[in-house]
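To start, the structure itself, in structure tokens.
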Amino acid sequence: MSETHDHSNEHDHATHTHDGKPIQEDPLPSLEAQILEASVRELLIEKGVISADDVRRAIDQVESRTPALGAKIVARAWDDSEFKALLMSDSDEALMAFGVDMRPTELCVVENTDEVHNMVVCTLCSCYPRPVLGVPPAWYKRRDYRSRAVREPRAVLQEFGTQIPDQKQVRVHDSNADLRYLVLPQRPAGTEGWDQEKLARLVTRDSMIGVSDALAASDIGG
Amino acid sequence: MNPRFQPGDRVKVLHRDQPGHVRTPMYVRGKTGVIERVVGSFPNPELLAVGHSGLPYKMLYRVNFRQGDLWEDYGGPAEDTLEIEIYEHWLAPV
Chain F
4 MSETHDHSNE HDHATHTHDG KPIQEDPLPS LEAQILEASV RELLIEKGVI SADDVRRAID
64 QVESRTPALG AKIVARAWDD SEFKALLMSD SDEALMAFGV DMRPTELCVV ENTDEVHNMV
124 VCTLCSCYPR PVLGVPPAWY KRRDYRSRAV REPRAVLQEF GTQIPDQKQV RVHDSNADLR
184 YLVLPQRPAG TEGWDQEKLA RLVTRDSMIG VSDALAASDI GG
Chain C
73 MNPRFQPGDR VKVLHRDQPG HVRTPMYVRG KTGVIERVVG SFPNPELLAV GHSGLPYKML
133 YRVNFRQGDL WEDYGGPAED TLEIEIYEHW LAPV
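Those protein sequences? They're chains F and C, same order as listed.
The numbering of the first sequence is this note's numbering, which starts it at 4 and goes up by one.
The numbering of the second sequence is this note's numbering, which starts it at 73 and goes up by one.
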């Protein structure tokens, strides 16, 4: 419970704020939520609804997804214009080839160009395209990133080492509802003729969130 | 369900006095933007959050705002924008 405002008459959620202030500090983890989770889990196991192994398996599955899958998708989009067109217009259909099911959400792919740099944040909690990128990085869930990415995106980008020239538009996507966002970074120069496997090595997690560009060809020994 | 708004329409985000789990952040309330796309109809999250079915579904849009319209003292170029998903009952025509 935060010291600065009283939540006693409404639902409390460790990652929500209701006062609309642009800069927020992270609260301490909620002991109440931890106790609730443990109690429900233990009851479900005790009553035979689920097993401890089911819980472990579900966690294992969530954590086994990594940004390598997103990198493969981006590399294919760079290499195959037909696939890219499908990915931009009907991502469900395009992702079937990778065994990815985003339901009940939908993936919205936003493309970086010479004119626009895209960057993704979820100001309300930490919505993230987990089926293609895995578990979000810790900073993505922090209140300072979530509040500052919409308020001063260029300053945040600069702190990530990403300098966007003034003549290029920065477009922030607040992932606040039913879509999840994947940034399609620009294909680096000097990668003509590369196969998809080699191209994928240039695609980092951060470049698919939009806080950086893809690696340069020289970064992987070109 | 027919969408009330089309891409390019100017809309204003309402100040609804509504407690509970809403998906419309404070910083866009009262602000004017442009419909970027009609996303489709989805269960109403305000009802889902309290154990209901989410029916009737609500039409969802992506709305584009100029950063300068969201923050009076925005420090970046005037072309910078922000896009966010807003349900139809939070939008009014301008």
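Where is the CB? At the ideal position from N, CA and C, for every residue including glycine.
Within chain C, partners of residue i - CB distance below 7 Å
{"i": "V173/F", "result": "G148, D152"}
{"i": "V153/F", "result": "Y99, L154"}
{"i": "D169/F", "result": "P149"}
{"i": "D93/F", "result": "Residues of chain C passing the Cβ test: none, with the nearest at roughly 13 Å."}
Residue i - DSSP class collapsed to helix/strand/coil
{"i": "A192/F", "result": "coil"}
{"i": "M122/F", "result": "strand"}
{"i": "P165/C", "result": "strand"}
{"i": "V43/F", "result": "helix"}
{"i": "Y143/F", "result": "helix"}
{"i": "D82/F", "result": "helix"}
{"i": "I234/F", "result": "Because chain F is modelled from 4 through 225, residue 234/F falls outside the range shown and cannot be assessed."}
{"i": "L185/F", "result": "strand"}
{"i": "R208/F", "result": "helix"}
{"i": "Y148/F", "result": "helix"}
{"i": "K201/F", "result": "helix"}
{"i": "I53/F", "result": "coil"}
{"i": "V83/C", "result": "strand"}
{"i": "S5/F", "result": "With a pLDDT of only 38 at S5/F, under the threshold of 50, the placement of this residue in the model should not be trusted; the figure read from the coordinates follows. In the structure shown, S5/F sits in coil (DSSP, three-state: anything other than H, G, I, E or B)."}
{"i": "Q172/F", "result": "strand"}
{"i": "V112/F", "result": "strand"}
{"i": "D177/F", "result": "strand"}
{"i": "S11/F", "result": "Note that S11/F scores 40 on pLDDT, short of 50, meaning its location in the model is unreliable; the coordinates nonetheless yield the value given after this. S11/F falls in the coil class under three-state DSSP."}
{"i": "E162/F", "result": "helix"}
{"i": "E176/C", "result": "Past the edges of chain C, shown from 73 to 166, lies residue 176/C, and the structure says nothing about it."}
{"i": "R106/F", "result": "coil"}
{"i": "D222/F", "result": "helix"}
{"i": "M73/C", "result": "coil"}
{"i": "L89/F", "result": "helix"}
{"i": "A71/F", "result": "helix"}
{"i": "S94/F", "result": "helix"}
{"i": "P134/F", "result": "helix"}
{"i": "R59/F", "result": "helix"}
{"i": "V214/F", "result": "coil"}
Counted within 10 angstroms of its Cβ, other Cβ atoms place residue i as buried (16 or more) or exposed
{"i": "P165/C", "result": "exposed"}
{"i": "T69/F", "result": "exposed"}
{"i": "P79/C", "result": "exposed"}
{"i": "D9/F", "result": "Since pLDDT at D9/F reaches only 40, below the 50 mark, its modelled position is unreliable, and no value is offered."}
{"i": "D177/F", "result": "buried"}
{"i": "E6/F", "result": "Bear in mind that a pLDDT of 38 at E6/F, under 50, signals an unreliable position, so the model cannot answer this."}
{"i": "M122/F", "result": "buried"}
{"i": "P97/C", "result": "buried"}
{"i": "I62/F", "result": "exposed"}
{"i": "H124/C", "result": "exposed"}
{"i": "H14/F", "result": "The pLDDT assigned to H14/F is 41, lower than 50, so where the model puts this residue is not dependable, and the model offers no usable value."}
{"i": "T153/C", "result": "buried"}
{"i": "Q139/C", "result": "buried"}
{"i": "H87/C", "result": "exposed"}
{"i": "D216/F", "result": "buried"}
{"i": "G73/F", "result": "buried"}
{"i": "E155/C", "result": "buried"}
{"i": "T116/F", "result": "exposed"}
{"i": "I158/C", "result": "buried"}
{"i": "K130/C", "result": "buried"}
Chain C contact residues for residue i, given Cβ-Cβ distances below 9 Å
{"i": "T126/F", "result": "P97, Y99, I156"}
{"i": "R208/F", "result": "Ordered by position in chain C, no residue passes the 9 Å Cβ test against R208/F, which lies about 21 Å from the chain."}
{"i": "D56/F", "result": "Per Cβ cutoff of 9 Å: no residues; D56/F is ~29 Å from chain C at best."}
{"i": "D147/F", "result": "Chain C residues near D147/F: none, gap ~15 Å exceeds 9 Å."}
Proximal residues of chain C, C-beta to C-beta of residue i below 8 Å
{"i": "E96/F", "result": "In chain order: nothing, as chain C lies at least about 15 Å away."}
{"i": "R157/F", "result": "G147, G148, D152"}
Beta-carbon separation (whole angstroms), residue i vs residue j, contact threshold 8 Å
{"i": "V106/C", "j": "N74/C", "result": "About 20 Å separates the two Cβ atoms, so there is no contact after all."}
{"i": "P191/F", "j": "A219/F", "result": "5 Å"}
{"i": "I167/F", "j": "V173/F", "result": "6 Å"}
{"i": "R208/F", "j": "L136/F", "result": "6 Å"}
{"i": "R134/C", "j": "R109/C", "result": "5 Å"}
{"i": "E109/F", "j": "L182/F", "result": "5 Å"}
{"i": "M105/F", "j": "L98/F", "result": "7 Å"}
{"i": "L119/C", "j": "G126/C", "result": "5 Å"}
{"i": "D141/C", "j": "T104/C", "result": "6 Å"}
{"i": "L132/C", "j": "A180/F", "result": "6 Å"}
{"i": "V175/F", "j": "P156/F", "result": "5 Å"}
{"i": "V65/F", "j": "L185/F", "result": "About 18 Å; that fails the 8 Å criterion."}
{"i": "A121/C", "j": "G92/C", "result": "7 Å"}
Per-residue contacts from residue i into chain F (C-beta, under 9 Å)
{"i": "V111/C", "result": "E109, C111, A180, D181, L182"}
{"i": "P117/C", "result": "A180, D181"}
Residues that residue i contacts on chain F, provided the C-beta gap is smaller than 7 Å
{"i": "F114/C", "result": "D181"}
{"i": "W143/C", "result": "R154"}
Quick one: complete beta strand (DSSP E) runs, 3+ long, within the stretch 92 to 155 of chain C?
104 to 114, 130 to 138
Please name the residues in the stretch 124 to 138 of chain C whose beta-carbon is closer than 9 Å to at least one beta-carbon of chain A, in chain order.
In the structure shown, chain A does not exist; the protein chains are F and C.
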